[in-house]
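Enquirer: Same order as they appear, the protein sequences are chains A and B.
Residue 131 is where the first sequence starts when you use our numbering, and the numbers rise one by one after that.
Residue 36 is where the second sequence starts when you use our numbering, and the numbers rise one by one after that.
Each residue gets a CB set at the ideal place from its N, CA and C atoms; glycine is no exception.
From a predicted model like this one, the values you see are computed outputs, not experimental measurements.
Mind looking over this structure? Questions follow.
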Amino acid sequence: MKCPDDETLAAFADGELDDALWADIERHIDACGVCRERFQAIGQVDNATRQALAALKASAPPMTLAPAKNKARLLARPFAVAAAAAIVIAAAIGGVWFAFHERSQAHKPAVIAGKPPEPALIGSVTPRQAEPSIPVTDVVPLACSSEEYKKRIAEAKRSAVMPVDSLPEWKVDELRRIVAARRGSVPEHDG
Amino acid sequence: MATEKPTFEEAAKAAWPTLFAAAMVLTENRADAEDAVQETLTRSCAAYGSFRGESVPTTWMYRILVRIAAKERVGHEVAEAEYEKVPSLNPPPDALAALGEEVAIVLDVLRSLPRRQREIATLFYLEELSYAEIAVALDVSQETVRAALRRARASLRKALGVETHERKVPDEMPG
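What follows is the structure in structure tokens.
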């Protein structure tokens, strides 16, 4: 037979030929030194490539489920990172900003990001725990259905930010004063 | 499919090393690779409910990674034609030295392949898949898979210094 072209020889090496052609080429390789060498070269290339990729696999860091952290542009994503950041900030100042915001903007809800779905925070952790990378073993079970995901986001929000309604009036006022002092301005009094 | 669908966590754990290695090839550097894998897990977690087990989860996630990585490289794609012509003068800046020179060479060659070839060759070498499975996973024809693998192998062979005779078309056998 004719010497097979590179694609056919590779298909032979990959076990991608029908039996008849495969047998033909096997016989041909036995007889043709050039093609035997070509066939062996494919094996060498494949081995080197597989080994290299296996080394890369082995160099994989431990698995984590956390928001991507290396790209500055991610910080611009509205609800993925912003929600987490907002929750952390809110927690840090005792929910005060939200109290103030709620009061001054009358009818807006006290929750943070209105749209959950870009899931930067997956798993059964609240956003406050989610800042560093989370080893996957700590994130059991994962919420994967969108319904369950929404529920978890809602829970996370509840646990991270105390609803304004549950703060006594005097505390709201005090917290607003603290915030105003930080901002260097006096809060407007609303009805 | 006869086998039961694994939980997302099981699937993600099994896919993790492959996705990481693939991302190292499909993106420009380790930081981008880690981001791309994270995003792949996030998206595949959200979409896992709709995954019907038509392929192994790793292949399904690879497909998601491919899309993310392609977007990531948009800037590079524009200059890809040029990029292919320019041999890389520096080793990839990924502290790959510890993994050996051959790893760096292979990674360099795979990264420099045109996008489709790169995606096909990476899946082929990382997972033991048939041409048909790769074709389905990446929405291409089997002929495309064959041709991409031939070209990728030729590039790898040159870079790795494996000497051989090339035959684009069948020849009459001498004698």
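Is DSSP giving residue 165(A) helix, strand or coil here?
Expert: As a working note, residue 165(A) is residue 35 in the first sequence. Helix, per DSSP.
Enquirer: Could you spell out the range, first to last residue, of the alpha helix (DSSP H) harbouring residue 52(B)?
Expert: By 1-based counting over the second sequence, the position of residue 52(B) is 17. 43 to 61 is the span of the alpha helix (DSSP H), which, as asked, contains residue 52(B).
Enquirer: Taking buried to mean at least 16 other C-beta atoms within 10 Å of its own C-beta, is residue 160(A) buried or exposed?
Expert: As a position in the first sequence, residue 160(A) is number 30, starting the count at 1. Exposed, by the Cβ-count rule.
Enquirer: From the DSSP output, in three-state form, read off residue 147(B) for me.
Expert: Walking along the second sequence from the start, residue 147(B) turns up at place 112. Helix at residue 147(B).
Enquirer: Look at the Cβ atom of residue 160(B), then the Cβ atom of residue 139(A), and state whether they are nearer than 8 Å.
Expert: Along the second sequence, one-based indexing puts residue 160(B) at 125. Along the first sequence, one-based indexing puts residue 139(A) at 9. No.
Enquirer: Taking all protein chains shown into account, decide if residue 198(B) is buried (16 or more other Cβ within 10 angstroms of its Cβ) or exposed.
Expert: Reading the second sequence from its first residue, position 163 is the one you call residue 198(B). So residue 198(B) counts as exposed.
Enquirer: Run the CB neighbour count on residue 134(A), radius 10 Å, all protein chains shown included, and call it buried at 16 or more, exposed below.
Expert: The residue given as residue 134(A) occupies position 4 in the first sequence. Buried, by the Cβ-count rule.
Enquirer: Going along chain A, which residues have a C-beta under 7 Å from residue 195(B)?
Expert: On the second sequence, position 160 is the one that residue 195(B) refers to. In chain order: 175 and 178.
Enquirer: Tell me whether residue 141(B) sits in a helix, a strand or coil according to DSSP, three-state version.
Expert: To locate residue 141(B), count along the second sequence from 1; it is residue 106. The answer is helix: DSSP assigns residue 141(B) an H, G or I state.
Enquirer: For residue 167(A), is the classification buried or exposed, using 16 other Cβ atoms within 10 angstroms of its Cβ as the cut-off for buried?
Expert: Start at 1 with the first residue of the first sequence, and residue 167(A) comes out as number 37. With fewer than 16 other Cβ atoms within 10 Å, it is exposed.
Enquirer: Can you tell me whether DSSP reads residue 64(B) as helix, strand or coil?
Expert: Residue mapping note: residue 64(B) aligns to position 29 of the second sequence, counting from 1. Correct three-state label for residue 64(B): coil.
Enquirer: Please list the terminal residues of the continuous alpha helix (DSSP H) segment that includes residue 188(B).
Expert: Position 153 of the second sequence, counted from the first residue, corresponds to residue 188(B). Looking at the DSSP string, the run of the alpha helix (DSSP H) that includes residue 188(B) is 177 to 195.
Enquirer: Alpha carbon to alpha carbon, what distance is there between residue 40(B) and residue 88(B)?
Expert: The residue labelled residue 88(B) in the question sits at position 53 within the second sequence. The residue labelled residue 40(B) in the question sits at position 5 within the second sequence. Roughly 6 Å between the two C-alpha positions.
Enquirer: Candidates 140(B), 43(B), 143(B) and 156(B): which alpha carbon is nearest residue 188(B)'s?
Expert: Here residue 188(B) corresponds to residue number 153 of the second sequence, with the count starting at 1. The option with the nearest alpha carbon to residue 188(B) is 156(B).
Enquirer: With burial defined as no fewer than 16 other Cβ atoms inside 10 Å of the residue's Cβ, what is the status of residue 79(B): buried or exposed?
Expert: Taking the first residue of the second sequence as 1, we reach residue 79(B) at position 44. Buried.
Enquirer: In or out: residue 193(A) buried (at least 16 other Cβ within 10 Å) or exposed?
Expert: Indexing the first sequence from 1 puts residue 193(A) at position 63. Residue 193(A) is buried by the Cβ-count criterion.
Enquirer: Quick one: is residue 154(B) buried, meaning 16 or more other Cβ sit within 10 Å of its Cβ, or exposed?
Expert: As a first step, residue 154(B) is located in the second sequence; it is residue number 119 there, counting from the start. With 16 or more other Cβ atoms within 10 Å, it is buried.
Enquirer: Out of 142(B), 50(B) and 70(B), point me to the one whose CA is closest to residue 92(B)'s CA.
Expert: Here residue 92(B) refers to the residue found at position 57 when the second sequence is read from its first residue. Ranking the options by Cα distance to residue 92(B), first place goes to 50(B).
Enquirer: By the three-class DSSP mapping on this structure, what secondary structure does residue 135(B) have?
Expert: The count along the second sequence starts at 1 and reaches residue 135(B) at position 100. Correct three-state label for residue 135(B): coil.
Enquirer: Would the beta-carbon of residue 100(B) fall within 8 Å of that of residue 82(B)?
Expert: Position 65 of the second sequence, counted from the first residue, corresponds to residue 100(B). Position 47 of the second sequence, counted from the first residue, corresponds to residue 82(B). Not closer than 8 Å, so no.
Enquirer: Which residue marks the beginning of the alpha helix (DSSP H) containing residue 171(B), and which one marks its end?
Expert: Taking the second sequence and counting its residues from 1, the one referred to as residue 171(B) is at position 136. Residue 171(B) -> alpha helix (DSSP H) spans 166 to 173.
Enquirer: Spell out whether any CB of chain A is found under 8 Å from the CB atom of residue 165(B).
Expert: In the second sequence, counting from the first residue as 1, residue 165(B) sits at position 130. Judged by the 8 Å Cβ criterion, residue 165(B) is in contact with chain A.
Enquirer: So what's residue 79(B) in DSSP terms, helix, strand or just coil?
Expert: Residue numbering aside, residue 79(B) sits at position 44 when the second sequence is read from its first letter. Helix.
Enquirer: What residue from 167(B), 67(B), 134(B) and 64(B) has the CA that sits closest to residue 94(B)'s CA?
Expert: Within the second sequence, numbered from 1, the residue matching residue 94(B) stands at position 59. Ranking 167(B), 67(B), 134(B) and 64(B) by Cα distance to residue 94(B) puts 167(B) first.
Enquirer: Throw me the rounded Cβ distance for the residue 187(A) and residue 52(B) pair, which I believe falls under 8 Å.
Expert: Taking the first residue of the first sequence as 1, we reach residue 187(A) at position 57. Taking the first residue of the second sequence as 1, we reach residue 52(B) at position 17. That belief holds up - the Cβ atoms of residue 187(A) and residue 52(B) are roughly 4 Å apart, short of 8 Å.
Enquirer: What are the boundary residues of the alpha helix (DSSP H) that includes residue 199(B)?
Expert: On the second sequence, residue 199(B) is found 164 positions in, with the first residue counted as 1. Premise fails: residue 199(B) is in no alpha helix (DSSP H) and is neither H nor E.
Enquirer: Can the beta-carbon of residue 190(B) be found closer than 8 Å to that of residue 144(B)?
Expert: Sequence index remark: in the second sequence, residue 190(B) carries index 155 (1-based). Sequence index remark: in the second sequence, residue 144(B) carries index 109 (1-based). In contact: residue 190(B) and residue 144(B) (Cβ atoms closer than 8 Å).
Enquirer: Please report how far the alpha carbon of residue 155(A) lies from the alpha carbon of residue 136(A), in whole angstroms.
Expert: As a first step, residue 155(A) is located in the first sequence; it is residue number 25 there, counting from the start. As a first step, residue 136(A) is located in the first sequence; it is residue number 6 there, counting from the start. Spanning the two alpha carbons is a distance of roughly 12 Å.
Enquirer: Secondary structure at residue 202(A), three-state DSSP: helix, strand or coil?
Expert: Here the question's residue 202(A) lines up with position 72 in the first sequence. Below a pLDDT of 50, predicted positions are generally treated as unreliable, and residue 202(A), at 42, falls in that range; no measurement from the model is reported.
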